[in-house]
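Asker:
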Amino acid sequence: MAIPIGFFVLKKQKFGLIIDYMRTTNHRKIGTLYILFGVLYFFRAGIDALFIRTQLAVPNNDFWVFQGEKYNEVFTTHGTLMIFFVAMPLLLGLMNVAVPLQIGARDLAFPFLNAVGFWLFFSGSVFFNISFFINMTPEIGWTGYAPLSTEMFTPGLDTDFYVFGLQISGLGTIFTALNLIVTIIRHRAPGMKMTRMPLFAWATLITSVLIIIAFTVLAIALYLLMFDRQFGTGFFSGTEGDPVFWQHLFWIFGHPEVYILALPAFGMFSDIISTFSKKVIFGYPVMVISIALIGFLGFMVWAHHMFTVGLGPMANTFFAITTMAIAVPTGIKVFNWLFTIRGGVIRFTIPMLFALGFIPSFVMGGVTGVMLSVSAANFQFHDTHFVVAHFHYVIIASTIFGIFAGLYYWYPKITGFVLDGKLGKWHFWLFLIGFHLTFFPMHITGLEGMPRRVYTYEVSDGVFLLNFLSTIGAFLMGISMLFFIWNVYKTHRKGEKAGNDPWDGRTLEWCVGSPAPEKTFDPMPIVKEMDPVWYAKVENRELRTTANTRPAPIETESFLPLAFALSLFLLSLGITFSWYWLAIAGGAAALGLFILRSFTDERENHYGKEDSHE
Numbered sequence: 025m026a027i028p029i030g031f032f033v034l035k036k037q038k039f040g041l042i043i044d045y046m047r048t049t050n051h052r053k054i055g056t057l058y059i060l061f062g063v064l065y066f067f068r069a070g071i072d073a074l075f076i077r078t079q080l081a082v083p084n085n086d087f088w089v090f091q092g093e094k095y096n097e098v099f100t101t102h103g104t105l106m107i108f109f110v111a112m113p114l115l116l117g118l119m120n121v122a123v124p125l126q127i128g129a130r131d132l133a134f135p136f137l138n139a140v141g142f143w144l145f146f147s148g149s150v151f152f153n154i155s156f157f158i159n160m161t162p163e164i165g166w167t168g169y170a171p172l173s174t175e176m177f178t179p180g181l182d183t184d185f186y187v188f189g190l191q192i193s194g195l196g197t198i199f200t201a202l203n204l205i206v207t208i209i210r211h212r213a214p215g216m217k218m219t220r221m222p223l224f225a226w227a228t229l230i231t232s233v234l235i236i237i238a239f240t241v242l243a244i245a246l247y248l249l250m251f252d253r254q255f256g257t258g259f260f261s262g263t264e265g266d267p268v269f270w271q272h273l274f275w276i277f278g279h280p281e282v283y284i285l286a287l288p289a290f291g292m293f294s295d296i297i298s299t300f301s302k303k304v305i306f307g308y309p310v311m312v313i314s315i316a317l318i319g320f321l322g323f324m325v326w327a328h329h330m331f332t333v334g335l336g337p338m339a340n341t342f343f344a345i346t347t348m349a350i351a352v353p354t355g356i357k358v359f360n361w362l363f364t365i366r367g368g369v370i371r372f373t374i375p376m377l378f379a380l381g382f383i384p385s386f387v388m389g390g391v392t393g394v395m396l397s398v399s400a401a402n403f404q405f406h407d408t409h410f411v412v413a414h415f416h417y418v419i420i421a422s423t424i425f426g427i428f429a430g431l432y433y434w435y436p437k438i439t440g441f442v443l444d445g446k447l448g449k450w451h452f453w454l455f456l457i458g459f460h461l462t463f464f465p466m467h468i469t470g471l472e473g474m475p476r477r478v479y480t481y482e483v484s485d486g487v488f489l490l491n492f493l494s495t496i497g498a499f500l501m502g503i504s505m506l507f508f509i510w511n512v513y514k515t516h517r518k519g520e521k522a523g524n525d526p527w528d529g530r531t532l533e534w535c536v537g538s539p540a541p542e543k544t545f546d547p548m549p550i551v552k553e554m555d556p557v558w559y560a561k562v563e564n565r566e567l568r569t570t571a572n573t574r575p576a577p578i579e580t581e582s583f584l585p586l587a588f589a590l591s592l593f594l595l596s597l598g599i600t601f602s603w604y605w606l607a608i609a610g611g612a613a614a615l616g617l618f619i620l621r622s623f624t625d626e627r628e629n630h631y632g633k634e635d636s637h638e
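Letter 402 of the sequence shown, counting from 1, is numbered 426 in this note's numbering, and no numbers are missing.
1) Note down, in chain order, each residue of its chain lying with its Cβ closer than 7 Å to the Cβ of HIS451, except the 5 sequence neighbours on either side.
2) Say whether chain D places a C-beta atom closer than 7 Å to the C-beta of LEU506.
3) Using a 10 Å radius around the Cβ and a threshold of 16 neighbouring Cβ atoms, would you call ILE619 buried or exposed?
4) Is the Cβ-Cβ distance between SER483 and PRO83 less than 7 Å?
5) Bridge partners of THR408, per DSSP?
6) Is GLY497 closer than 7 Å to THR408 when the C-beta atoms are compared?
7) Using the Cβ count rule (16 or more neighbours within 10 Å means buried), how would you classify MET501?
8) Can you give me the start and stop residues for the alpha helix (DSSP H) that ASN360 sits inside?
9) With THR531 and VAL557 assumed to form a contact (beta carbons below 8 Å), what rounded beta-carbon distance in angstroms separates them?
10) Once you ignore the five residues that flank GLU472 on each side, which residues in its own chain have a CB closer than 6 Å to its CB?
11) Can you name the start and end residues of the alpha helix (DSSP H) that LEU567 belongs to?
12) What residues in its chain sit with their C-beta under 7 Å from that of TYR95, if we drop five residues either side in the sequence?
13) Count Cβ pairs between the stretch 146-155 and the stretch 585-602 that sit closer than 8 Å; are there 3 or more?
14) Which value, in whole angstroms, describes the spacing of the CA atoms of ILE707 and MET376?
15) If you pair each beta-carbon of the stretch 205-214 with each one of the stretch 124-134, do three or more pairs fall below 8 Å?
16) Check for me: the alpha helix (DSSP H) holding TYR247 runs from which residue to which?
17) Taking 8 Å as the limit between beta carbons, can you name the residues of its chain near LYS514, skipping five residues before and five after?
18) For TYR247, count neighbouring Cβ atoms within 10 angstroms of its own Cβ and tell me buried if that reaches 16, exposed if not.
19) Who are the near neighbours of PHE386 in its chain, counting only those whose CB is closer than 6 Å to its CB and skipping five residues on each side?
20) Does the structure place the stretch 221-241 close enough to the stretch 154-173 that three or more beta carbon pairs sit under 8 Å?
21) For the alpha helix (DSSP H) containing VAL33, name the first residue and the last one.
22) Can you check whether the CB of TYR65 is closer than 7 Å to the CB of LYS53?
23) ILE457 to PRO384, Cα distance in whole Å?
24) What ranges does the alpha helix (DSSP H) occupy inside the stretch 579-616, keeping only unbroken runs of at least 4 residues that lie completely in it?
25) Give a yes or no on contact between the stretch 266-276 and the stretch 316-328, applying the rule of three or more CB pairs nearer than 8 Å.
26) Between the Cα of PHE343 and the Cα atoms of PHE331, ALA351, THR354 and PHE320, which residue gives the shortest distance?
27) With PRO539 and GLY440 assumed to form a contact (beta carbons below 8 Å), what rounded beta-carbon distance in angstroms separates them?
28) Between PHE224 and PRO179, what straight-line distance do the alpha-carbon atoms span, to the nearest angstrom?
29) Taking 8 Å as the cut-off, does the stretch 522-536 touch the stretch 174-188 (at least 3 CB pairs, one atom from each stretch)?
30) Quick check on this structure: which residue in VAL562, ILE76 and GLY616 has the alpha carbon closest to the alpha carbon of LYS302?
31) Rounding to the nearest angstrom, what Cα-Cα distance links MET106 and ALA69 in this structure?
32) Let me check one thing: in DSSP terms, what residues is MET548 bridge-paired to?
33) Quick check: the Cα distance between PHE277 and PHE142, rounded to an integer number of angstroms?
34) Would you report the Cα separation of PHE31 and PHE39, rounded to the nearest angstrom?
35) Helix, strand or coil for PHE87, going by three-state DSSP, please let me know.
36) Bridge partners of PHE441, per DSSP?
Okay, structure coming up:
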């Protein structure tokens, strides 16, 4: 892909644009970068998925080189990329674009830190992906289970790319979560109480709290694993350590991560369903409470991934009950979406189609989740294709459908264009049909006893037809993505510019230009009710505005965020290859950049030295 991209840059002379995006701290541009690279890695991880399904299409297959070790590498990169470098950046990108506009903020609270967060994500993703090009791809699964991930069982450098890639990108995610929390709490428009915020903003707030807790636990786990691998400690092995410690740390991160991925999608679906049903969301207070409950209970269910490790009947019973309990607030949300649609004036736009496709698909994933919560039954389901099917029904039906819905919905605010509806329908229907055709049969292969993470099976296993159907479905999903890319190309080649409000929207982002300008909300709107733009249109009046507002975050242009991420990249590279001179240089550069930044305050140039410290 680098060849056509490089040719395009040379032909169109886009170097100035690239430099602009490398230096920017504007929330829309940072969000666009997250989305751009998230889509890029989506194709990379999707190709891995097609390799997996091609290998499993027929019994005793010898597809190319994807047996044994290579197959392990492929499903490791597929899972790791999809979770950390596809779903996370695409959601963070949509949060960057939409949340400040929805709450009346002129940018995120800390624009410089926002840029640092993106470049850390980017550096971590590049660090992880270069392992493929030097034949050092990790083969430990996306969960990185010890003792497999320890030096004894994977003695090469492969696993170190997993450890440091996730460490760097996870640090950027934590920074962005802090930024979003402060923005939502401190930079809402005048009159926008918490009880008047759109549900996507609420979901972003609660998700950001989950990120700070969960990703910190992951950072600790990776830090300890790094010491085990690099310096011979025994946290997860030996007489003092225990591999189960890794499972506890990983799943204290890993299960809240499911809701970190799902809750933003729930918020997007809420706003989209409300807009295209022309109704206020049904049961707004209950929707907010249910989001908070899901976030809270998400930290009380991690050991349902560990029913088979021997924690004992009391622990298994507790985590079975909490897992069943989390279905209650989730079920409430489903009924509230249905009641919002009921009696509404429904418009079947592409975002609405993805929202409607999400509801039954996600409910199916929820039902299998309740099945897996029964600890006795879990002993049979565990580590089979049934779990793979459940996981994808939950994550794809919520997160990926939500991302597509959000991309189509807010595409005018990102680029100024509305994506073509006809091509969008091809994308939706092929993806929906392919999704169910891929993963529904895997429930049955799992019940037939087919383990996950195996690269072959026998004719006598009786699962050939089901696996072949799954492979067809996977390729249908791949074909649907070609329609999406063609849609983007066609729209930018021939599409007409969208107005400020192409969807007849309800919230504040639809009162600013498309694409969203760098200077928004001048003057600042005053919010007196939920859905202020909608009620202003209904009452045929302008939004009330004021010039008396809190000082806005100050955008700047700087290469320092990129340089800071590069210093951590070099530090990690030096430790991985035991080039300690490079590690010291990278660490010294990071420290120097910290010091340099501490003497920089862009507020002084904008407000004056005295006012900037008030």
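Think of the CB as a built atom: it goes at the ideal place given N, C-alpha and C, for glycine as much as any other residue.
Every value quoted in this text rests on a predicted model; they were computed, and no experiment measured them.
Answerer: Working from what's here:
1) Along the sequence shown, read from residue 1 onward, the residue named residue 451 stands at position 427. Cβ neighbours of HIS451 beyond the five flanking positions: SER504, PHE507, PHE508 and ASN511.
2) Of the protein chains in this structure there is only one, and it is not chain D.
3) Position 595 of the sequence shown, counted from the first residue, corresponds to residue 619. ILE619 should be labelled exposed.
4) Counting from 1 along the sequence shown, the entry for residue 483 is found at position 459. Counting from 1 along the sequence shown, the entry for residue 83 is found at position 59. First, the amino acid is wrong: residue 483 is Val here, not Ser. The answer is yes: Cβ separation under 7 Å.
5) Translated into the one-based positions of the sequence shown, residue 408 becomes position 384. DSSP output for THR408 lists PRO475 as bridge partner(s).
6) Position 384 of the sequence shown, counted from the start, is the residue given in the question as residue 408. Position 473 of the sequence shown, counted from the start, is the residue given in the question as residue 497. Not a contact, by the Cβ cut-off of 7 Å.
7) For this step, residue 501 is matched to residue 477 along the sequence shown. Counting Cβ neighbours within 10 Å, MET501 comes out buried, since at least 16 surround it.
8) Reading the sequence shown from its first residue, position 336 is the one you call residue 360. Segment 351-365, the alpha helix (DSSP H) holding ASN360.
9) Taking the first residue of the sequence shown as position 1, residue 531 is located at position 507. Taking the first residue of the sequence shown as position 1, residue 557 is located at position 533. Their Cβ separation, rounded to whole angstroms, is 6 Å, which keeps THR531 and VAL557 in contact under 8 Å.
10) As a position in the sequence shown, residue 472 is number 448, starting the count at 1. For GLU472, where only same-chain residues beyond five positions count, the Cβ hits under 6 Å are VAL487.
11) On the sequence shown, position 543 is the one that residue 567 refers to. Looking at the DSSP string, LEU567 is not in any alpha helix (DSSP H), and its letter there is neither H nor E.
12) One-based indexing of the sequence shown puts residue 95 at position 71. Excluding sequence neighbours, TYR95 sits near GLN79 and TYR479.
13) yes
14) No information on residue 707 is available, as it lies outside the stretch 25 to 638 that the chain covers here.
15) yes
16) What you label residue 247 is simply residue 223 of the sequence shown in a count that begins at 1. Residues 223-255.
17) As a first step, residue 514 must be located in the sequence shown, where it is residue number 490. Excluding sequence neighbours, LYS514 sits near ASP444 and LEU447.
18) Position 223 of the sequence shown, counting from 1, holds the residue named residue 247. The residue is exposed, with fewer than 16 neighbouring Cβ atoms inside 10 Å.
19) Locating residue 386 in the sequence shown gives position 362, where the first residue counts as 1. If we look at PHE386 and ignore the five residues flanking it on each side, its Cβ neighbours are ALA421 and SER422.
20) no
21) Your numbering for residue 33 matches position 9 in the sequence shown. Run containing VAL33: 26-36, per the alpha helix (DSSP H) assignment.
22) Position 29 of the sequence shown holds residue 53. Position 41 of the sequence shown holds residue 65. The Cβ atoms of LYS53 and TYR65 lie no closer than 7 Å to each other.
23) Here residue 457 is taken as the residue at index 433 of the sequence shown, counted from 1. Here residue 384 is taken as the residue at index 360 of the sequence shown, counted from 1. Distance between the alpha carbons of ILE457 and PRO384 is about 13 Å.
24) 584-600
25) yes
26) For the purposes of this step, residue 343 is taken as residue 319 along the sequence shown, with counting starting at 1. Out of PHE331, ALA351, THR354 and PHE320, PHE331 has the C-alpha closest to the C-alpha of PHE343.
27) If you number the sequence shown from 1, residue 539 lands on position 515. If you number the sequence shown from 1, residue 440 lands on position 416. Yes, they are in contact, since the Cβ atoms of PRO539 and GLY440 sit about 4 Å apart, within 8 Å.
28) Position 200 of the sequence shown, counted from the first residue, corresponds to residue 224. Position 155 of the sequence shown, counted from the first residue, corresponds to residue 179. Cα to Cα, the separation comes out at about 44 Å.
29) Under the three-pair Cβ rule at 8 Å, the stretch 174-188 does not count as touching the stretch 522-536.
30) Within the sequence shown, residue 302 is the residue found at index 278, counting from 1. Looking at the Cα atoms, VAL562 is the closest of the given residues.
31) The residue labelled residue 106 in the question sits at position 82 within the sequence shown. The residue labelled residue 69 in the question sits at position 45 within the sequence shown. Taking the CA atoms as reference points, MET106 sits about 6 Å from ALA69.
32) If you number the sequence shown from 1, residue 548 lands on position 524. Beta-bridge pairing links MET548 to THR570.
33) As a first step, residue 277 must be located in the sequence shown, where it is residue number 253. As a first step, residue 142 must be located in the sequence shown, where it is residue number 118. Going from the Cα of PHE277 to the Cα of PHE142 covers about 21 Å.
34) In the sequence shown, counting from the first residue as 1, residue 31 sits at position 7. In the sequence shown, counting from the first residue as 1, residue 39 sits at position 15. Computed Cα separation, rounded: 12 Å.
35) Numbered from 1 along the sequence shown, position 63 holds the residue referred to as residue 87. Coil.
36) If you number the sequence shown from 1, residue 441 lands on position 417. LYS521.
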